[in-house]
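Just so you know, we're using my numbering here: the sequence shown kicks off at 1 and counts up by one.
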Amino acid sequence: MKAQLENIYSLATEDIAKAASISDLDEIRAKYLSRKGEFNEIKKNLKNLSDEDKRIIGSLANEITKKLETSIQTKHDEFYKKELNQKLEKERIDVSLPGKFTPKGRIHPLTSTTNEIVSILQSLGFSVVESKDSPEVETEYFNFDMLNIPKDHPARDVQDTFFTSLASNVVLRSQTSGAQIHVMENQKPPIRVISPGRVYRNENINARKNNFFHQIEGLYVDKNITFGDLKGVLNEFIRIYFGSSRPTRFRSSFFPFTEPSAEVDVQCIMCGGKGCKTCSGTGWLEVLGAGMVDPNVLRGVGIDPEVYSGFAFGMGVERLAMLKYAIDDIRLFFNDDVRFLKQF
Ligand code: DAH
């Protein structure tokens with residue numbers, strides 16, 4: 001029996017030496033040391049031996065089992081370390097490599113300019129109209145008729161305004177001034193509102209004109225509103241928006257819905273007033289139109305022009321942004337070039 005034990009021991013030792021992985025060792029352990037393993041088979045026969053032999057063979061069997069267990073465990077530990085190292089090597093990450101770059105979005109310069117203009121005007125007491133009073137798809141009634149724009153006015157021509165196929169009198173609004181009518185039809189004076197939004201014109205696109213752009217409309221109607229109030233508000237607006245050093249001028253003009261009417265110019269940012277391509281040699285750039293609300297317009301919405309008066313203004317957001325940031329081509333706002341947008 002002793003020889004048998006030693007034989008199994010040497011076979012097991014050989015097996016262990018040949019083992020190439022943890023799973024090989026698991027097999028060896030099962031083959032020799034498990035309950036059904038070879039050593040247990042021998043131990044089962046111990047009962048047939050004399051007491052003396054039982055002791056000798058029993059302790060030899062225990063000794064051999066221990067030795068095998070130790071060498072299996074030692075080898076197991078080696079394999080475990082090696083496999084772990086291989087795994088770590090394979091799955092190694094270089095924490096010093098830069099991560100994936102996801103560019104950050106930005107607020108579009110037209111949005112930030114609109115926000116800035118709106119907040120200046122809010123600080124001067126104006127509030128933004130509800131969107132229902134400022135639709136982009138409008139009837140001629142709001143876009144032209146009620147603004148005192150005659151039926152034969154050139155702005156009504158398809159060359160200038162986009163008509164829709166919805167109905168013959170439905171247009172993409174060509175100005176935000178229609179918001180004035182919506183508000184005055186729904187509210188009694190005092191009215192002090194602004195309405196920012198997109199407008200559309202059937203233009204040939206070039207550096208100065210796009211076929212859609214953005215305006216901010218303003219309207220102030222109350223008792224005793226004068227042209228002095230208009231000048232006060234607009235001068236204050238321009239002073240805050242451009243800073244006090246930028247020269248401005250009021251120039252008399254004409255709009256069907258205001259009487260008298262004015263246009264406000266600021267000194268050309270490109271040439272400092274000397275005259276250049278951007279300002280067509282005049283040294284000035286128009287930034288907004290304004291005037292006292294025409295009595296016809298007030299009458300149309302049921303406000304008595306003998307009791308109330310008001311002023312209105314409309315400014316181009318692109319124009320104001322271009323002047324502030326010295327941008328010389330309106331198309332830059334619309335072609336989503338990140339090299340441009342990144343600068344704001
Ligand atoms: N709607 C005019 C335009 O698009 C701008 C304008 C001028 C608006 C005078 C006004 C105003 O409210 O009083 O050119």
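Just so you know, even glycine gets a beta-carbon here, dropped at the ideal spot from N, CA and C. Just so it is clear, the structure is predicted and the values come from calculations on it, not from any experiment.
Local Cβ density within 10 Å of V233, reported as buried at 16 or more and exposed below that: buried
Could you please give me the residues that DSSP links to G197 through a beta bridge? Q215
Is it right to say Y141 is buried, meaning 16 or more other beta carbons lie within 10 angstroms of its own, or is it exposed? exposed
Can you grab the Cα-Cα spacing for the pair S177 / S309, in whole Å? 17 Å
Candidates C276, Y325, S280, L285, of which the one nearest F250 by Cα: L285
How far does the alpha helix (DSSP H) with Q267 in it reach, from first residue to last? Taken as a continuous stretch (DSSP letters only), Q267 belongs to no alpha helix (DSSP H), being part of the beta strand (DSSP E) at 258 to 267.
So does E217 have its beta carbon nearer than 7 Å to some heavy atom of the ligand DAH? yes
Residues bridged to Y241 (per DSSP): According to DSSP, Y241 bridges with nothing at all.
Between H76 and E14, what straight-line distance do the alpha-carbon atoms span, to the nearest angstrom? 15 Å
Does the beta carbon of G197 fall short of 7 Å from some heavy atom of the ligand DAH? no
DSSP puts I191 in a beta bridge; with which residues? V221
In angstroms, rounded to a whole number, what distance separates the CA positions of F162 and P196? 20 Å
Just tell me which of P109, M184, I149, K81 has its CA closest to the CA of D337. P109
Which of the three DSSP states is assigned to G291 in this structure? strand
State the beta-bridge partners of M315 as determined by DSSP. I216, L288
Would you call I107 buried or exposed, if buried means 16 or more other Cβ atoms sit within 10 Å of its Cβ? exposed
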